[in-house]
Every structure is written in C-alpha cells, then in structure tokens.
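Going by this note's numbering, the letters in the sequence shown line up with residues 35 to 132, in that order.
As structure tokens, the structure follows; a few thoughts come after it.
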Amino acid sequence: MTDKELIAILRLQRLPRIGDITAKKLIAFCGSPSAVFADKREQLLKIAGIGSWSLEGLHDDIYLKEAMIELEYIQRNKISYSFYQEEGYPSRLVHCPD
C-alpha cells in the first residue's frame, strides 16, 4: 500500500461522522481510499446512506495533519498494518462489516 492510500485511510478514520461501515461504502463506491477525497461531493451524496451531514469535515486540514502524524509514527516505530482490500488480510475478518 502506498503512503497516499494509508494517509487516506487514516484520514477517514478520524472523521467524526464516518464510521467503519460508512468508510467501506465510500471506498467501495470510489474504488480506493484516496479516491474518496478526489471525488466530488455531489458524487458521494449519491451513495445510499450518505448525506451531507456525514461528509462534513471531509476536506478539513486538521484530519489530514493528524493522519500524517500517525503515518510518521507508524513508520518510525515500524508498525505493521493490514487493510481489508489487500492480499494477506486475515480471512476470518474479511466478512466482518466493520
């Protein structure tokens, strides 16, 4: 996974109105975590269950800064991570909605 994608995932996790299930909906619709931030708001609002309330703060710089700080921490401490769309993700967790 690229740093760009990991930052997008970390950024989504920080958004106060986006939980795991909503994040998965956004990623599935857009194709990748970084594409969520590239797509236009009007496109994202077409997703079932996504309203303007959910998308508030999507492009706030504070969440990007926090994600970048966490990425630095992950790299500095050599922390391994996995993402549900990647090969090697635990098979027993793939079916979990969150």
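The beta carbon of each residue, even a glycine, is placed where N, CA and C say it ideally should be.
No experiment lies behind these values; they were computed from the predicted model shown.
TODO: Below 7 Å CB to CB, which residues in the same chain sit around ILE41 once its five sequence neighbours on both sides are set aside?
DONE: Within the same chain, ALA101, MET102 and LEU105 come within 7 Å of ILE41 by CB-CB distance, once the 5 residues on both sides are set aside.
Open item on the list: So, with DSSP's three-state summary, where would you put ASP54?
Closed with: Looking at ASP54 - three-state DSSP - the assignment turns out to be helix.
Open item on the list: I'd like the ranges of any alpha helix (DSSP H) spanning at least 4 consecutive residues and lying wholly in the stretch 67-111.
Closed with: Runs of the alpha helix (DSSP H) inside the stretch 67-111: 67-72, 75-78, 86-89 and 95-110.
Task: PHE117, buried or exposed, once every other Cβ within 10 Å from all chains shown has been counted against 16 - done: Taking all protein chains in view, the Cβ of PHE117 is surrounded by fewer than 16 other Cβ atoms within 10 Å, so the residue is classified as exposed.
Open item on the list: Check for me: the alpha helix (DSSP H) holding LEU44 runs from which residue to which?
Closed with: Boundaries of the alpha helix (DSSP H) around LEU44: 37-48.
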